[in-house]
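One line per chain: the protein sequences are C and L, in this order.
Be aware that the first sequence starts at 153, since it is given in our numbering, and climbs by one per residue.
Be aware that the second sequence starts at 18, since it is given in our numbering, and climbs by one per residue.
Here's the structure, in structure tokens; my notes come after.
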Amino acid sequence: MNLYRVDADCAYGVLPIVEEPGLVRFWAETAGKSSAANWRIPTMLVELDDDFVPVDCVCSATTPGRGLLLNRRAREALGKLLSPCGEFLPVRLGSFDYQWFNCTVEIDAVDQEKIEGVPAEPPVPPRYWMEITRWAFKPEALTQPPVIFGLPRHRPVLLCTDVLKSAVERADLLGFEFELLWSSETGGVPVRFGPPPMFGEAARELRERDRRKREAALARLAQAS
Amino acid sequence: MALELDPVTTGISALPDQDATAADGFARALDAVQADGQPVRQAQLLLPMPAAPGAPPAFGGTPDDAAVDGLARSIQHGIDSTVEGVGNVVHDGVEQWRALEYRGQLRANTLSLLGKADPAVKSGLNGPGQSPLEIHHTVPYADPDAQRARDVLAKWGISIHDPADAAILPADYHRGENVHGMASPQYDTWIRGQMDLADQAATGAAEHGGRSAGRAAVLSYLRRTSDTLVQGSGDPRAIALAQTLRALERPLPRPDLSGVYDWRGCGP
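Written as structure tokens, this is what we have:
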């Protein structure tokens, strides 16, 4: 079994949301907790720029971790898999209707003895990490893992198994990013910590790669319509 | 350089002439007045009107380091500085100068600290014959994509101009097609993730040590994030200065700005 970090691929641009400040707070406070009962559908204004492509899973500047913004196509393809692990909350983003998949399942599966990185300093209590360069998980906590779940003390991280990754690939959904963190056979893989390349050739390559992705996505969307 | 002094309000207005950028003029005017021992409490930089709507303001182009120095110096002297256009300064110009004020605030706070270790640093980061260094806001002060990260700072009462948010970077790394020019959504995503982690750690710390422990936690995450940027530049002088800065700032008491800080995080 493999564990991946799953997130929206911001190569397709970030949905710039112009919202009330209170909405940001509300959004953040509901993350990771069951919120369907109190949910009011937020209508957010967006200012689209040339770099944004409305792919199946979009990156937003204001959504907190432990969630994915999915369009109807992604919801239909993944709904049955994801529903047991969280809730779909409708969000209206400008002219786009998205569903925020709010993952409410959390598993304390991190092996604190074997994880590699920089632990947080006091006064932060133990088991918080500033920087992780190699993840380690307890196999016994993952005998029947859900397809997607969060971790205590690591809110920005949303993990998934091969089941979700394969479903995304089978449905040919765009906008997901999977980063392999750990395999039950080989353990944790080295993880790069730090900002993206911001200088010189590496930064140019990143920008060029993002541009190519956006162009391919736009071509596919044009074909579909 | 046209310099107007108002003895009643002890204010200063600096208007650039053709030989000097507004920035240079502002900095030199402040120096002149400070040297005279006059108690300047307000400083205003007056910008000339742009040549045409949409044209860049005719004050010498992009705000440069001299402008930031001028503002930083005035802030250090406790002068309430404003930069205002005369007439219809184009929107971009106003925004540019507002951004400049933010840069000036962080620079002033950082230079104040560094100056305690080395008075030569206080006047700026660019000594003779050295490549210029600049101070970058790790959590961006205005970028809408960084709102979540600013919210975390605001929640824990930390100023966006706190030296913990300062990343000392070589100018050619900071500007142009680099940190800012290459600004990618991946950068904002990384910063947002770091501040989310910080928020969670702060909540854990606050359960045991109260709110001040929570704030200390966010500051430590912020410092680490800033220093990661500095390390990434590979500039030995920047790295050494960042280490000095961190050694100096740890014991500093910081005012809790909770409730004072604007939720959008752009300033009190």
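From the three backbone atoms N, C-alpha and C, an ideal C-beta is built for every residue, glycine too.
Close beta carbons around residue 25/L, own chain, < 6 angstroms, minus the five adjacent residues each side: As a working mapping, residue 25/L is identified with position 8 in the second sequence. Only weak support exists for where residue 25/L lies, its pLDDT of 29 falling under 50; the value from the coordinates is given anyway. Around residue 25/L: no qualifying Cβ.
With DSSP as the reference, please indicate the residues paired to residue 281/C in a beta bridge. Numbered from 1 along the first sequence, position 129 holds the residue referred to as residue 281/C. In DSSP, residue 281/C forms a bridge with 271/C.
Where residue 340/C and residue 263/L are concerned, what is the direct C-alpha to C-alpha distance, given to the nearest angstrom? On the first sequence, residue 340/C is found 188 positions in, with the first residue counted as 1. On the second sequence, residue 263/L is found 246 positions in, with the first residue counted as 1. Cα-Cα distance, rounded: 32 angstroms.
Rounding to the nearest angstrom, what Cα-Cα distance links residue 233/C and residue 316/C in this structure? Locating residue 233/C in the first sequence gives position 81, where the first residue counts as 1. Locating residue 316/C in the first sequence gives position 164, where the first residue counts as 1. The straight-line gap from Cα to Cα measures roughly 7 angstroms.
Using the DSSP secondary-structure output, state which residues sit across from residue 239/C in a beta bridge. On the first sequence, position 87 is the one that residue 239/C refers to. Bridge partners of residue 239/C: 254/C.
Please report the distance separating the alpha-carbon of residue 376/C from that of residue 261/L. The count along the first sequence starts at 1 and reaches residue 376/C at position 224. The count along the second sequence starts at 1 and reaches residue 261/L at position 244. When rounded, the distance between both Cα atoms is 57 angstroms.
In chain C, what lies closer than 9 angstroms to residue 207/L by C-beta? Taking the first residue of the second sequence as 1, we reach residue 207/L at position 190. Under the 9 angstroms cutoff, chain C gives 346, 347 and 348.
Of all Cβ atoms in chain L, is any one closer than 7 angstroms to the Cβ of residue 373/C? To locate residue 373/C, count along the first sequence from 1; it is residue 221. Chain L, which has no Cβ nearer than 7 angstroms to the Cβ of residue 373/C, makes this no.
DSSP on residue 373/C, reduced to helix/strand/coil? In the first sequence, residue 373/C corresponds to position 221, counting from 1. DSSP places residue 373/C in helix when its eight states are reduced to three.
Look up residue 358/C in the DSSP assignment and say whether it is helix, strand or coil. Position 206 of the first sequence holds residue 358/C. In this structure, residue 358/C counts as helix in the three-state DSSP scheme.
Can you give me, in chain order, the residues of the stretch 225-239 of chain L that have a beta carbon less than 7 angstroms from any beta carbon in chain C? 225, 226, 230, 233, 234, 237 and 238
CA-to-CA distance, residue 302/C to residue 237/C, given in whole angstroms: As a first step, residue 237/C must be located in the first sequence, where it is residue number 85. As a first step, residue 302/C must be located in the first sequence, where it is residue number 150. Each residue's Cα considered, the two are about 10 angstroms apart.
Count the other CB atoms within 10 Å of the CB of residue 272/C; is the residue buried (16 or more) or exposed (fewer)? For this step, residue 272/C is matched to residue 120 along the first sequence. When all chains shown are included, residue 272/C counts as buried.
Rounded to whole angstroms, what's the CA-CA distance from residue 295/C to residue 223/C? Just pull it up for me. For this step, residue 295/C is matched to residue 143 along the first sequence. For this step, residue 223/C is matched to residue 71 along the first sequence. Approximately 31 angstroms between the Cα atoms of the pair.
What does the alpha-carbon distance come out to for the pair residue 263/C and residue 231/L? The residue labelled residue 263/C in the question sits at position 111 within the first sequence. The residue labelled residue 231/L in the question sits at position 214 within the second sequence. In a straight line, the C-alpha of residue 263/C is about 25 angstroms away from that of residue 231/L.
Using the C-alpha atoms, what's the distance from residue 235/C back to residue 350/C? Translated into the one-based positions of the first sequence, residue 350/C becomes position 198. Translated into the one-based positions of the first sequence, residue 235/C becomes position 83. The alpha-carbon atoms of residue 350/C and residue 235/C are separated by roughly 38 angstroms.
If I measure Cβ to Cβ from residue 281/C and keep anything under 6 angstroms in the same chain, skipping five residues before and after, which residues do I get? Here residue 281/C is taken as the residue at index 129 of the first sequence, counted from 1. Answer for residue 281/C: 269 and 271, listed in chain order.
Limits of the alpha helix (DSSP H) - the one that residue 225/L falls within: The count along the second sequence starts at 1 and reaches residue 225/L at position 208. Note, residue 225/L: alpha helix (DSSP H), 202-250.
Is the number of C-beta pairs between the stretch 209-220 of chain L and the stretch 234-243 of chain L that are closer than 8 angstroms three or more? yes
What's the call for residue 253/L, buried or exposed, on a 16-neighbour Cβ count within 10 Å? In the second sequence, the residue the question calls residue 253/L occupies position 236. When all chains shown are included, residue 253/L counts as exposed.
Listing by chain order, which chain C residues have their CB less than 7 angstroms from the CB of residue 130/L? To locate residue 130/L, count along the second sequence from 1; it is residue 113. Per Cβ cutoff of 7 angstroms: no residues; residue 130/L is ~20 angstroms from chain C at best.
C-beta contact flag for residue 206/L and residue 162/C at 7 angstroms: On the second sequence, residue 206/L is found 189 positions in, with the first residue counted as 1. On the first sequence, residue 162/C is found 10 positions in, with the first residue counted as 1. Yes, Cβ-Cβ distance for residue 206/L and residue 162/C is below 7 angstroms.
With 16 as the cutoff for other CB atoms within 10 Å, does residue 254/C come out buried or exposed? For the purposes of this step, residue 254/C is identified with residue 102 of the first sequence, where counting begins at 1. By the neighbour-count rule (16 or more Cβ atoms within 10 Å), residue 254/C is buried.
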